[in-house]
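In the order they appear, the protein sequences are chains L and P.
Mind the numbering: the first sequence is residues 1 to 297 in UniProt numbering, read in order.
Mind the numbering: the second sequence is residues 1 to 297 in UniProt numbering, read in order.
All C-beta atoms in this analysis are idealised placements derived from N, C-alpha and C, irrespective of residue type, glycine included.
Only one structure is covered here, and it is reproduced in the block below.
There are 2 protein chains.
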Amino acid sequence: MKSDLPTLSAPATPLFDTLLVYGVGLLGGSVALAAKSRHVARHIVGMGRHAERLSAAQRAGVIDSYCIDPAQIPPQTDLFVAAAPVDRIAGVIREVIPALNPNCLVTDVGSTKVELAAHLADLTGEQGTIPFVGSHPIAGGDKAGFEHASGDLFIGRTCVICPDHVVESAVLKTEQFWQALGMQTVRMSAQEHDEALATTSHLPHVAAAALAGILPDEWQIVTGAGFRDTSRVAMGPSELWVSILESNWEPVVQSLERLQNQLGAFIQALKTNDSQKLLELLQAGEIRRKQLDIDES
Amino acid sequence: MKSDLPTLSAPATPLFDTLLVYGVGLLGGSVALAAKSRHVARHIVGMGRHAERLSAAQRAGVIDSYCIDPAQIPPQTDLFVAAAPVDRIAGVIREVIPALNPNCLVTDVGSTKVELAAHLADLTGEQGTIPFVGSHPIAGGDKAGFEHASGDLFIGRTCVICPDHVVESAVLKTEQFWQALGMQTVRMSAQEHDEALATTSHLPHVAAAALAGILPDEWQIVTGAGFRDTSRVAMGPSELWVSILESNWEPVVQSLERLQNQLGAFIQALKTNDSQKLLELLQAGEIRRKQLDIDES
């Protein structure tokens, strides 16, 4: 044994003293667990509307303590993560902001960014004073609730950071936070984020739901792995997805129309017996999809 | 220990003496391995166009022996499985039939059935004499070649049997064969099979390829598990899928148009801000997709 190996113990000083997570569900719970296990914050406080759920999360070891009333927020809170459903994030931030130290970094985990930024423009935009940095950790799962949370949920995944109208130091601190949870970060404007995610996240959800939605009862028995994989994300919570899709409806409509057009090209190739065109369309998908696996490995 | 427990050794008499498999790839190789390990045939012969591939499959223990020339087919062959790509199955059957014992049961693993039945109508239809029973074992994988074959590929999966214009004894024997390989069987006419599979297999492939095909380079980094799952089957071999889609083009076009219409309903709900309709569309997919997992468990 060598005694001069670097030790893997906790860093002497955590990045944050007290992390406040509003919404201790799958994502919020995973943020709490990852921050705890990686010593990113000294103390982790959960917040939400349901005391019994927060109490259960505390007993399960997901959070250290919890509060319902903003008046109970610890004054030393220096990071606030809003992990509510996307249509409630602005309201949650407005509710909590008055109780926070003005230097407390504020971020979120929302799936869309333009509408949120508009709703918070007076607080956080060019005229605002709150150090709000929009974050979208691209990680999740089909099952809701902190019971399914995992401190490993973010490892190796990408987090988009939207630095619109925020001081660089706050952006850097936000990047450090997600990187400390195991993520790679990428900066995009809120608008670019929403256009990209309309295609990479919202479109596959709608495609999966549309595919599953037109399957007749009597043909369920002849579905194989292909149908199941292609429609798997449709099992996600529909109420949540209504909020996501509506908060980004224009880019989502554009991506849906692009998919319709691409399906139309397949229809045209089949109707005209154009094997070469059909092969090109299939290969465009095959090559691009294989590229995703290469990039991930 | 009790001595009167039933023994789990091989049945005294295998269902078939000699199984001939044309096309020793992923599916044909898996048929050979499953038939061997489950003692469904005494001897397993591979056939194909490439002696070096067949020799490699023999050395790998996938088949017992192989032949290239129909003249070399063992006279005791009593089951022939055509496991060639769907556009070559009719040709393969025509090539091999003259060398087979007239009582040899003939089946296939093709993804479409109507076109094949039409191509073989003179041999196998109402006027024909060959005991041909169309089979479609709904099992597979992204990777081609016997190197990826598995004797467990079929366990718990469904095999569609098309009994059009065949004597009942041949249909029963074909069902016994796939059941002995671990599958559940379901009977459908060739036409019903092709309509069902257009929706349950061919449509998800095209949807996945269309989705992957419209993803711009620069957004690859913000794809998550949702995009990857929904587009996974697009990694299947495009040349093979040209044959499948073209051999079933009319039902495939109909299923593509149904998907376009369903996507259009999502677009309409988003454009008119109709949250209730959007929720209904999402829930239709969520409920149906969850049903598939319940049925499988």
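Closest by C-alpha distance to residue i, when choosing among the options
i	options	result
isoleucine 89/P	Thr77/P, Thr112/P, Leu105/P	Thr112/P
glutamate 239/L	Glu195/P, Gly285/P, Pro251/P	Gly285/P
alanine 99/L	Asp274/L, Met47/L, Ile294/L	Met47/L
residue 328/L	Asp152/L, Glu115/L, Ala144/L, Leu20/L	A query on residue 328/L cannot be resolved here, the shown segment of chain L reaching from 1 to 297 and no further.
alanine 170/L	Ala207/L, Val106/L, Ser150/L, Pro204/L	Val106/L
leucine 270/P	Leu281/L, Leu256/L, Leu279/L, Thr272/L	Leu256/L
valine 166/P	Ala144/P, Thr129/P, Gly141/P	Thr129/P
leucine 181/L	Gly23/L, Val24/L, Ala35/L	Ala35/L
glycine 25/P	Ala51/P, Arg289/P, Asp108/P, Ala57/P	Ala57/P
histidine 50/L	His43/L, Val92/L, Ile68/L	Ile68/L
threonine 185/L	Val222/P, Leu278/P, Gly141/P	Val222/P
valine 109/P	Trp241/P, Asn273/P, Val133/P	Val133/P
leucine 54/L	Gly29/L, Ile97/L, Asp17/L	Gly29/L
cysteine 104/P	Asp87/P, Ala82/P, Asp122/P	Ala82/P
histidine 136/P	Leu20/L, Asp293/L, Gly224/L, Glu147/L	Gly224/L
phenylalanine 146/P	Pro14/P, Pro75/P, Leu33/P	Leu33/P
glutamine 276/L	Glu95/P, Lys277/P, Ser150/P, Glu246/P	Glu246/P
Neighbouring residues, chain L, relative to residue i (Cβ below 9 Å)
i	result
valine 186/P	Ile221, Val222
residue 309/P	No information on residue 309/P is available, as it lies outside the stretch 1 to 297 that chain P covers here.
residue 302/P	Residue 302/P cannot be examined here, being either before or after the span of chain P that is shown, 1 to 297.
leucine 26/P	Those do not exist, as leucine 26/P stays about 13 Å from chain L at its closest Cβ, beyond 9 Å.
Chain P contact residues for residue i, given Cβ-Cβ distances below 7 Å
i	result
tryptophan 178/L	In chain order: nothing, as chain P lies at least about 14 Å away.
serine 189/L	Here the premise fails: no neighbours, minimum Cβ distance about 13 Å.
proline 131/L	What proline 131/L touches in chain P: nothing, since even the nearest Cβ is about 24 Å away.
lysine 271/L	Val253
leucine 181/L	Here the premise fails: no neighbours, minimum Cβ distance about 15 Å.
N-terminal and C-terminal residue of the alpha helix (DSSP H) that residue i is part of
i	result
valine 51/L	Per the sequence shown, residue 51/L should be read as alanine rather than valine. First-last of the alpha helix (DSSP H) with alanine 51/L: 51 to 59.
valine 233/L	Per DSSP, valine 233/L belongs to no alpha helix (DSSP H) and is neither H nor E.
valine 166/P	No alpha helix (DSSP H) contains valine 166/P, which DSSP labels as neither H nor E.
glutamate 115/P	114 to 119
serine 255/P	249 to 271
valine 92/L	89 to 96
histidine 205/L	203 to 213
DSSP bridge partner residues for residue i (one or two, in chain order)
i	result
methionine 47/P	Tyr22/P, Cys67/P
histidine 132/L	Here residue 132/L is phenylalanine; the residue named in the question, histidine, does not match the sequence. Answer by DSSP bridge pairing, in chain order: Val106/L.
alanine 41/P	Phe16/P
arginine 187/P	Ile161/P
proline 137/L	Cys159/L
Start and end residues, beta strand (DSSP E) containing residue i
i	result
aspartate 78/L	77 to 82
Neighbour list for residue i in chain L, Cβ cutoff strictly below 7 Å
i	result
glutamate 175/P	Near glutamate 175/P there are no residues of chain L at all, since even the closest Cβ is about 15 Å away, more than 7 Å.
alanine 207/P	Ala207, Leu211, Thr230
aspartate 295/P	Gln220
valine 233/P	Gly226, Asp229, Thr230
lysine 290/P	Met235
proline 74/P	Correct list: empty, because the minimum Cβ distance to chain L is about 33 Å.
alanine 196/P	Trp219, Val222
Residue i: contacting residues in chain P (beta-carbon distance under 9 Å)
i	result
serine 201/L	Val222, Thr223, Gly224, Gly226, Phe227
Cross-chain neighbours of residue i in chain P, by beta carbon under 8 Å
i	result
glutamine 283/L	Ser238
serine 275/L	Val242, Glu246
isoleucine 89/L	Within 8 Å Cβ-Cβ: nothing; isoleucine 89/L doesn't reach chain P, min ~18 Å.
isoleucine 155/L	Those do not exist, as isoleucine 155/L stays about 13 Å from chain P at its closest Cβ, beyond 8 Å.
proline 14/L	Those do not exist, as proline 14/L stays about 28 Å from chain P at its closest Cβ, beyond 8 Å.
Amino acids of chain L, ordered along the chain, whose beta-carbon sits closer than 8 Å to that of residue i
i	result
proline 85/P	Under the 8 Å cutoff, chain L gives no residues; its nearest Cβ is about 14 Å from proline 85/P.
message = Any C-beta of chain P within less than 9 Å: which residues of the segment 95 to 119 of chain L qualify?
response = Residues: none.
ask   = Got a sec: which bits of the segment 136 to 152 of chain L sit with their beta carbon under 9 Å from any beta carbon on chain P, in order along the chain?
value = Cβ contacts with chain P come from His136, Ile138, Ala139, Gly140, Gly141.
key: Under 8 Å (Cβ pairs) to chain P, residues found in the segment 59 to 72 of chain L   = From the segment 59 to 72 of chain L, no residue has a Cβ closer than 8 Å to chain P.
ask   = When you check each C-beta in the segment 159 to 172 of chain P against every C-beta of chain L, which residues fall closer than 8 Å?
value = Here the close residues are Val160.
inquiry  = Give me the subset of the segment 247 to 267 of chain L whose CB atoms are less than 9 Å from a CB atom of chain P, sorted by chain position.
reply    = Within the segment 247 to 267 of chain L, the residues whose Cβ lies closer than 9 Å to some Cβ of chain P are Trp249, Glu250, Val252, Val253, Ser255, Leu256, Glu257, Arg258, Leu259, Gln260, Asn261, Gln262, Leu263, Gly264, Ala265, Phe266, Ile267, listed in chain order.
request  = Could you please tell me which residues of the segment 30 to 41 of chain P, in chain order, have their CB closer than 8 Å to any CB of chain L?
outcome  = Within the segment 30 to 41 of chain P, no residue qualifies.
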